[in-house]
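Numbering (this note's numbering), first residue to last: 57 to 474. Built from N, CA and C at the ideal position, the CB exists for glycine as well. Inspection log for the structure reproduced underneath, given as structure tokens.
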Amino acid sequence: MVIDMSMSKISRSIVVVIFVALIVFLAITDCIYINKGFGDGNGPNNIIKFGYFILVFVLVFLYTYVREKLSRLKLQKMISTLYRYIYIILVMLGSTFFKVYNVMDIYPKHTLILYFLLTYFIGFFVQRIIFNVSKSDVLSVLGMFISFTLPNIIDDKTVDLNSKFISATLLLSIYIMQRLIDELKQLNIKNKKYLIQAVILGICIGISTLFGVNYLVWIILGVMSLLITSNLDTTSLKLSKKSNNTIKRRKNNYFIYKVERIKISKLLISLIIISAIVLCIYFGGRIIITKLAINQNGVCTNIVNDLRYGINTDIDKSYNNMINQAYSFAGMSTRFYLICYIYIIIMEALSLILHRKYDTKSTLLKIIFISLIFVLTIYKVNILYYQPVLTLLLVIICIVNTTNIYYNREERIKMIEA
57 MVIDMSMSKI SRSIVVVIFV ALIVFLAITD CIYINKGFGD GNGPNNIIKF GYFILVFVLV
117 FLYTYVREKL SRLKLQKMIS TLYRYIYIIL VMLGSTFFKV YNVMDIYPKH TLILYFLLTY
177 FIGFFVQRII FNVSKSDVLS VLGMFISFTL PNIIDDKTVD LNSKFISATL LLSIYIMQRL
237 IDELKQLNIK NKKYLIQAVI LGICIGISTL FGVNYLVWII LGVMSLLITS NLDTTSLKLS
297 KKSNNTIKRR KNNYFIYKVE RIKISKLLIS LIIISAIVLC IYFGGRIIIT KLAINQNGVC
357 TNIVNDLRYG INTDIDKSYN NMINQAYSFA GMSTRFYLIC YIYIIIMEAL SLILHRKYDT
417 KSTLLKIIFI SLIFVLTIYK VNILYYQPVL TLLLVIICIV NTTNIYYNRE ERIKMIEA
């Protein structure tokens, strides 16, 4: 299935229009929520928020300082990278320890270790997602440090762990998806690397559906990926030697020629593989989760039981439900989200004014955000579980939108100079 360039541009523009409309809607409900006199129901006070912003920028400044110092020392790349990762891990340990210090006694040791590991992996995936688009080390580390230092507004340890599992699996899936797109953009490549990446992505998406990411999110993303992509690599049908010999004996060489000239989209093949793997993992995983919920005790039981809420058959498409969900999300950090909304709207307006193109990867991020909000709204899922990943998606989109404007400008300059 091949989508021409004009169709993909139209599809991307439609996605951006829907995304901006959603952001405007969330911004308006956020303002209404503030004007009604409601504060951040679960969020930290304004002093902590201000300190948080200062801390993030200080940590990023120190990172750039350390990086410049290491580059001047002309160390081996491996040694220099090791020092930088030591700094990153120290930042993660310090910020995470600070957030859980007052509740450490309620976390079992193995749960606390899992908490730290998930925090690091989430930050790492954020960094890789941003770097994959922007190629900027500083901006990708900025996203990572924001994820490390985000104030924890979830008091319940089981809900907190579930939200981290959701964030980790969803962000990992996004990163593998980016790698798959990079591979498919390389035309006339004869290797089967894309098949391996499709299998890995299918496993990641399958696991994410078990941890609460509704399958409808991935269905929407899969369908839209066919519409917004263009100029991706294709492959041809190859008949086996036995089939070739059989057909040749019947003197039908023209049939072989026609069959082997059929072009099949590698993206379509990838989606079929991903869908098959997701179905196997999802249905097999639900059986295992049910048995674990019956047999296990303690925190594990609570986590596994909570995972089973992923599919809700009660659908509510009413306007009041949309407002209530928007209020629930706004109540977690009204001013922080409002800043993100305003910044995104400004960046999208600049993209329109400066005639910037909408790239595939940033458009897919917007589709995921739209799909998540849509699914959480119509299924009336507790949005608290998804607050961390929605916040991180907003941060990633803010940074990616900024880099896209700069990247487009550089590309135009290169074209003029050429």
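Own chain partners of residue i with C-beta closer than 7 Å, once the 5 adjacent residues on each side are dropped
i, result
"Y397", "I79, L82, A83 and D86"
"I74", "I426"
"A386", "T85, D86, Y89 and Y393"
"L240", "Y250, L288, D289, K322 and L323"
"L111", "T205"
"S203", "I178, G179, V182 and L448"
"Q253", "I232, R235, L236 and E239"
"F117", "none"
"T433", "N377, M378 and Q381"
Beta-carbon proximity check, residue i vs residue j, cutoff 8 Å
i, j, result
"T447", "L226", "no"
"G262", "V334", "yes"
"R68", "T459", "no"
"I424", "S64", "no"
"I329", "V255", "yes"
"Y338", "L266", "yes"
"I395", "I186", "no"
"N188", "K417", "yes"
"I441", "N270", "Sequence check: residue 441 is Tyr here, not Ile. For Y441 and N270, no; Cβs fall outside 8 Å."
"S229", "L257", "yes"
"I400", "N438", "no"
"F172", "L115", "no"
"T167", "T152", "no"
For residue i, three-class secondary structure by DSSP
i, result
"S427", "helix"
"T265", "helix"
"T167", "helix"
"S192", "coil"
"T459", "helix"
"L408", "helix"
"R465", "Caution is warranted here: a pLDDT of 48 is assigned to R465, below 50, making its placement in the model unreliable, and the coordinate value is therefore given only provisionally. Here R465 sits in helix by DSSP."
"T205", "helix"
"T290", "strand"
"I245", "coil"
"K413", "coil"
"S136", "helix"
"I320", "strand"
"N368", "In this prediction, N368 has a pLDDT of 49, which is less than 50 and means its spatial position is unreliable; what the coordinates show is noted afterwards. Reduced to three states, the DSSP call for N368 is coil."
"N270", "coil"
"L129", "helix"
"T390", "helix"
"T285", "coil"
"I210", "coil"
"K65", "helix"
Residues near residue i in its chain [Cβ-Cβ closer than 6 Å; skip 5 each side]
i, result
"V76", "E404"
"K155", "N208"
"D216", "I210"
"S190", "T459"
"G278", "L327"
"A332", "none"
"Y414", "R68 and V72"
"W274", "I261"
CB-CB length for residue i against residue j, believed under 8 Å
i, j, result
"P444", "K220", "7 Å"
"S223", "I178", "5 Å"
"I453", "L410", "That pair is no contact at about 18 Å."
"K436", "N377", "6 Å"
"Q183", "V197", "6 Å"
"F107", "V451", "Rather than Phe, the amino acid found at residue 107 in this sequence is Gly. Going by Cβ atoms, the distance from G107 to V451 rounds to 18 Å, so no, they are not a contact pair."
Interface flag, residue i vs chain C, CB-CB below 8 Å
i, result
"L170", "Looking for chain C here will not work: only one protein chain is present."
Other residues of its chain near residue i: CB distance less than 8 Å, five sequence neighbours each side excluded
i, result
"S62", "none"
"T120", "V194"
"L170", "L217"
Check: residue i C-beta below 7 Å from any heavy atom of the ligand HEM
i, result
"V122", "In terms of ligand content, the structure shown is empty, and the ligand HEM therefore cannot be addressed."
**OP:** Determine contact between the stretch 245-255 and the stretch 321-340, defined as no fewer than three beta-carbon pairs at a distance below 8 Å.
**Re:** yes
**OP:** Indicate whether the contact test is met: 3 or more Cβ pairs, each with one atom in the stretch 419-436 and one in the stretch 121-136, closer than 8 Å.
**Re:** no
**OP:** Determine contact between the stretch 138-154 and the stretch 226-237, defined as no fewer than three beta-carbon pairs at a distance below 8 Å.
**Re:** no
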